[in-house]
Amino acid sequence: MKIDSLINESDAILFIGYGFNDMHLNKTFPDHRYSPNKKRNAVVIDYAADSTKSIQMRRDDDWLSRLFQAIPFNFYDMGICKYLPKDESILKYKQNKAFESSRNEKYPVSIWYNGFLEACENSEKIKNELN
5 MKIDSLINES DAILFIGYGF NDMHLNKTFP DHRYSPNKKR NAVVIDYAAD STKSIQMRRD
65 DDWLSRLFQA IPFNFYDMGI CKYLPKDESI LKYKQNKAFE SSRNEKYPVS IWYNGFLEAC
125 ENSEKIKNEL N
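Residues in the sequence shown are numbered consecutively from 5, following the working numbering.
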């Protein structure tokens, strides 16, 4: 019950190293994500292999399915950083220390693929995505 209250009070949602494996926990986020009273940016800090396909290039795996359950968004709105060209893998995101982000301003989600240590070294970028 406390997690529901904390999510409701939050201004943004930051996932760090969460694999989205807890179905009960995943079900608590969508209600708040689509609250008409508040837009909440969602940032996911994860680590993925350089050869992993980006979401916009139709990545299809269990992690992504579970992510969609927790923070639903339209993957057709996904796009890489506006300064980078399209690419099939996430290598460009990692090299440029950029997010794969939703272009849907109503339900923003950004995914950082460089892992936790790089996120700490780029904490200002993470904070800016949460605002």
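From the three backbone atoms N, C-alpha and C, an ideal C-beta is built for every residue, glycine too.
- Note: Lys57 is bridge-paired with Ser93 in the DSSP secondary-structure output.
- Annotation: Ala52 is outside any beta strand (DSSP E) and is labelled neither H nor E by DSSP.
- Under DSSP, Trp116 shares a beta bridge with Ile49.
- If you look at Glu128, you'll find it in the alpha helix (DSSP H) that goes 127-134.
- For Phe77, the secondary structure class from DSSP, reduced to helix, strand or coil, is coil.
- Secondary structure note for Phe33: its alpha helix (DSSP H) is the uninterrupted segment 33-37.
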